[in-house]
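Heads up, the sequence shown is in full-length UniProt numbering, so the first residue is 1 and it goes up one at a time.
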Amino acid sequence: MILVSACLLGINCKYNGKNNENPRLIKLLEEKGFLPVCPEELGGLTTPRLPAEIQGGEGKDVLDGRAKVINVEGEDVTEQFIRGAEETVKLAKNMDVHFAVLKARSPSCGAGDIYDGSFSGRLTKGEGVTTALLKKHGIEVYTEESISEKI
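This is how it looks when you write it as structure tokens:
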């Protein structure tokens, strides 16, 4: 079973109410078992919602209490991001997920690069909160940009 960011499959769960449908990824997954998830919705955030970025570190720092997830209006949404990551890991374990394909650069799902917390569009090395927790539990994480390495 493969865990996949729901927005990549065309589900309108992105912060702005839209999606990041990726036809190439959908084609790659056609004959494989997959489970769509949106960690931010699983954490209790609504769609649409204000954009959020990690400030003070990356996903593992959020999990360790050294960084926070803040939305563009300054509201702390760390708790919802952690809850969403925990719920995603529960699903992954219950469904015997082998690896995940998550949305690049997302504060939940990013792997390799995330936005730097300044809401300026600048990237920094790091991972999202859900990616960090999945990896902590031994689940490999790829993005829609790197998945061709695996499939």
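For glycine and all other residues, C-beta sits at the position ideal for the given N, C-alpha and C.
query, result
"Are E127 and E58 closer than 8 Å when you measure CB to CB?", "yes"
"Could you check the C-alpha separation between K125 and E31 for me, to the nearest Å?", "33 Å"
"Of all the CB atoms in chain B, is at least one closer than 8 Å to the CB of G65?", "As a matter of chain content, chain B is missing from the structure shown, which is built from one protein chain."
"Do three or more CB pairs link the stretch 75-88 to the stretch 42-54 at distances below 8 Å?", "yes"
"Nearest to L35 by alpha carbon, out of L9, S106, L134?", "L9"
"Can you look up V97 in the DSSP assignment and give me helix, strand or coil?", "coil"
"Given a cut-off of 8 Å on the beta-carbon distance, is the pair Y115 and L123 in contact?", "yes"
"Can V69 and V62 be called in contact, C-beta distance under 8 Å?", "yes"
"Helix, strand or coil, according to DSSP, for V129 in the structure here?", "helix"
"Counting only the same chain and skipping the five closest in sequence on each side, list residues whose C-beta sits under 6 Å from that of E40.", "G84, S108"
"Tell me, to the nearest whole angstrom, how far the beta carbon of A150 is from that of F99; I am working on the premise that it is less than 8 Å.", "Reading off the sequence shown, one finds Lys at residue 150, where the question assumed Ala. Right, their Cβ atoms sit about 6 Å apart."
"If we ignore side chains and look at the alpha-carbon of each, how far apart do L91 and C7 end up?", "17 Å"
"Just the C-alpha distance for L29 and A67, rounded to the nearest angstrom, thanks.", "34 Å"
"Strictly by DSSP, which residues pair up with L35?", "L3"
"So what's A85 in DSSP terms, helix, strand or just coil?", "helix"
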